[in-house]
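For reference, the structure is listed below as structure tokens.
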Amino acid sequence: MSFAGLPHQVQLAWATCDAHVELPLVEHQAVAGAVASRRREFTTTRALARAALARAGGPAVAVPVGADRAPVWPPGWVGSLTHCEGLRAAAVARAREVAAVGIDAEPLTVLGASVTAAVLDPEERRVAARLGPHGPVTAFSAKESLFKAWHPATRIWLDFDGARLADVRTDRAGRSGTMVLEIGAANLERWPGPRAVEAAWEWEGGRVHTSVAVAARTDSGPEPRPAESSRRGA
Ligand SMILES: CC(C)(COP(=O)(O)OP(=O)(O)OC[C@H]1O[C@@H](n2cnc3c(N)ncnc32)[C@H](O)[C@@H]1OP(=O)(O)O)[C@@H](O)C(=O)NCCC(=O)NCCS
Numbered sequence: 220m221s222f223a224g225l226p227h228q229v230q231l232a233w234a235t236c237d238a239h240v241e242l243p244l245v246e247h248q249a250v251a252g253a254v255a256s257r258r259r260e261f262t263t264t265r266a267l268a269r270a271a272l273a274r275a276g277g278p279a280v281a282v283p284v285g286a287d288r289a290p291v292w293p294p295g296w297v298g299s300l301t302h303c304e305g306l307r308a309a310a311v312a313r314a315r316e317v318a319a320v321g322i323d324a325e326p327l328t329v330l331g332a333s334v335t336a337a338v339l340d341p342e343e344r345r346v347a348a349r350l351g352p353h354g355p356v357t358a359f360s361a362k363e364s365l366f367k368a369w370h371p372a373t374r375i376w377l378d379f380d381g382a383r384l385a386d387v388r389t390d391r392a393g394r395s396g397t398m399v400l401e402i403g404a405a406n407l408e409r410w411p412g413p414r415a416v417e418a419a420w421e422w423e424g425g426r427v428h429t430s431v432a433v434a435a436r437t438d439s440g441p442e443p444r445p446a447e448s449s450r451r452g453a
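Converting from the sequence shown to the working numbering requires adding 219 to each position, the first position being numbered 1.
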């Protein structure tokens with residue numbers, strides 16, 4: 220399992236079934252009134268968040284739910300969580316290396332016309348169609364990854380028309396590549412990344428996995444780059 224395109228500075232932990240672990244009180248309280256399936260996905264993904272933090276040398280702390288539903292990472296850390304049928308995943312990185320990260324996974328389905336229209340305008344639909352019937356769900360997931368990176372960094376809501384799908388690139392096997400998402404001109408001053416963001420996408424195991432990672436600005440040191448070493452299961 221992988222989220223292609225995540226730089227090696229991002230530590231990923233993932234699972235294909237749910238864990239039975241005790242949560243810190245603040246996390247337990249966040250889902251105490253939720254249905255069992257929600258408690259299970261939440262519990263597993265929080266455990267993965269701690270596993271990823273531990274592997275990256277981070278603190279063993281609770282990851283509370285913020286007022287805007289974003290996970291609250293310990294100071295000096297950024298991260299992102301996703302859960303869908305058959306997969307839970309957590310990605311974390313040191314904020315001094317990665318300014319923003321977002322991951323998303325969705326079942327590899329053919330989106331209905333009304334959902335597609337809510338996510339992509341006619342020109343974007345033409346771009347997404349280059350990937351065939353799974354283009355729209357791939358673009359949907361890429362936009363959700365962008366949102367998960369964008370919102371904690373800016374605290375600004377971004378609708379699906381707040382970033383436009385401008386281009387799709389595909390590797391030779393045709394099952395992974397990148398999407399270029401151009402963020403609308405407004406509100407860019409708080410965003411640590413470029414206006415045209417590259418979201419990585421990959422089709423694997425009946426799902427689409429997408430990710431967005433923005434390098435922290437430093438005076439020295441290499442830019443984050445893709446590597447295999449940090450992609451490990453739980
Ligand atoms: C928040 C949202 C992106 C979550 O995506 P999803 O496919 O529904 O669900 P996933 O399982 O992949 O991700 C859920 C996780 O997202 C994270 N999340 C929720 N709100 C978030 C926010 N404001 N910022 C960052 N991460 C957030 C949480 O960790 C959540 O898991 P948890 O509740 O167990 O902690 C989605 O529900 C949403 O509101 N989308 C509309 C905004 C958007 O995508 N705009 C596109 C801009 S181009």
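Where a beta carbon is used, it is the ideal one built from N, C-alpha and C, also for glycine.
- Inter-residue distance for Phe379 and Ala361 is about 11 Å (C-alpha atoms, whole angstroms).
- Taking every protein chain shown into account, the CB of Trp376 has fewer than 16 other CB atoms within 10 angstroms, so this residue is exposed.
- Boundaries around His428 are those of the beta strand (DSSP E), Arg426 to Ala434, since no alpha helix (DSSP H) includes it.
- Distance from the C-beta of Ser333 to the nearest heavy atom of ligand 1 is not below 7 Å.
- Rounded to the nearest angstrom, the gap between the Cα atoms of Gln248 and Phe261 is 11 Å.
- In the assembly as shown, Asp323 is a buried residue. Its beta-carbon has 16 or more other beta-carbons within 10 Å.
- Secondary structure of Gly393 (DSSP, three-state): coil.
- Distance from the C-beta of Gly381 to the nearest heavy atom of ligand 1 is below 7 Å.
- Remark: C-beta atoms of Val311 and Gly298 approach each other more closely than 8 Å.
- If you draw a 10 Å sphere on the C-beta of His302, you find 16 or more other C-beta atoms in it, and that means buried.
- In the DSSP assignment, Val346 falls within the alpha helix (DSSP H) that extends over Pro341 to Ala347.
- Secondary structure of Asp380 (DSSP, three-state): helix.
- At least one heavy atom of ligand 1 falls within 7 Å of the beta-carbon of Val284.
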